[in-house]
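Numbering (our numbering), first residue to last: 3 to 139.
Note that CB positions come from ideal geometry on N, CA and C, so glycine has one too.
Source: prediction; values computed, not measured.
Okay, here's the thing in structure tokens:
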């Protein structure tokens with residue numbers, strides 16, 4: 003069975019947009035994942051967020067259609083996951099988006115999360131920066 007890693011929104015945005023500073027490293031991450039037979043995952047709500055922040059809407063939609071829908075695993079939120087995320091965010095004054103992404107990854111069977119957010123919520127999964135993931139055997 004392949005290992006699964008969850009990509010945070012900022013990493014996927016770097017993959018889509020060649021003008022972003024992290025684009026080249028994010029593309030190296032995708033290549034490493036393919037080479038190492040790692041399944042890349044994201045959450046369904048991330049698609050709307052990525053589309054919303056995109057400066058090139060048509061290119062983003064093509065990326066979804068040709069890459070995400072074909073090669074990546076899209077993880078869903080359950081009502082229970084949403085409720086848990088809201089409760090955690092309220093109890094610790096934490097970022098709801100990070101909370102939900104982490105819980106989605108955890109319940110979706112991912113072994114780790116790759117993010118460029120230094121303060122990403124720790125829900126028990128290993129958290130990598132793109133750079134650290136690239137240098138992990």
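- Taking the alpha helix (DSSP H) that residue 57 falls in, what are its first and last residues? Numbered from its first residue, the chain shown carries residue 57 at position 55. Note, residue 57: premise wrong, no alpha helix (DSSP H); not H, not E.
- Run the CB neighbour count on residue 42, radius 10 Å, all protein chains shown included, and call it buried at 16 or more, exposed below. Translated into the one-based positions of the chain shown, residue 42 becomes position 40. Buried, by the Cβ-count rule.
- C-beta contact flag for residue 106 and residue 45 at 7 angstroms: By one-based count along the chain shown, residue 106 stands at place 104. By one-based count along the chain shown, residue 45 stands at place 43. Result yes, Cβ atoms of residue 106 and residue 45 sit closer than 7 angstroms.
- Message: For residue 49, tell me which candidate among 98, 28 and 75 has the shortest Cα-Cα distance.
- Response: By one-based count along the chain shown, residue 49 stands at place 47. Checking every option, the nearest Cα to that of residue 49 belongs to 75.
- Going by alpha carbons, who is nearest to residue 132 out of 94, 35 and 19? To locate residue 132, count along the chain shown from 1; it is residue 130. If we check each option's Cα against that of residue 132, 35 comes out closest.
- Item | Close Cβ partners of residue 91 (< 6 angstroms) along its chain, the five nearest in sequence each way excluded | Taking the first residue of the chain shown as 1, we reach residue 91 at position 89. Cβ contact annotation for residue 91 (same chain, cutoff 6 angstroms, sequence separation greater than five): 98 and 101, in chain order.
- Task: Under the assumption that residue 24 contacts residue 120 (Cβ atoms under 8 angstroms), give the Cβ distance between them as a whole number of angstroms.
- Result: By one-based count along the chain shown, residue 24 stands at place 22. By one-based count along the chain shown, residue 120 stands at place 118. Not quite, the Cβ-Cβ distance comes to about 14 angstroms (not below 8 angstroms), so this is no contact.
- Query: Ends of the alpha helix (DSSP H) at residue 6?
  - Reply: What you label residue 6 is simply residue 4 of the chain shown in a count that begins at 1. Note, residue 6: premise wrong, no alpha helix (DSSP H); beta strand (DSSP E) at 5-9.
- Message: Is the separation between the beta-carbon of residue 52 and that of residue 135 shorter than 7 angstroms?
- Response: By one-based count along the chain shown, residue 52 stands at place 50. By one-based count along the chain shown, residue 135 stands at place 133. Not a contact, by the Cβ cut-off of 7 angstroms.
- Message: To the nearest angstrom, how far is the alpha carbon of residue 65 from that of residue 15?
- Response: Within the chain shown, the letter at position 63 stands for residue 65. Within the chain shown, the letter at position 13 stands for residue 15. Answer to the nearest angstrom: the Cα atoms are 11 angstroms apart.
- Item | Boundaries of the alpha helix (DSSP H) in which residue 85 is found, first to last residue | Here residue 85 refers to the residue found at position 83 of the chain shown. Counting along the chain, the alpha helix (DSSP H) containing residue 85 begins and ends at 81-94.
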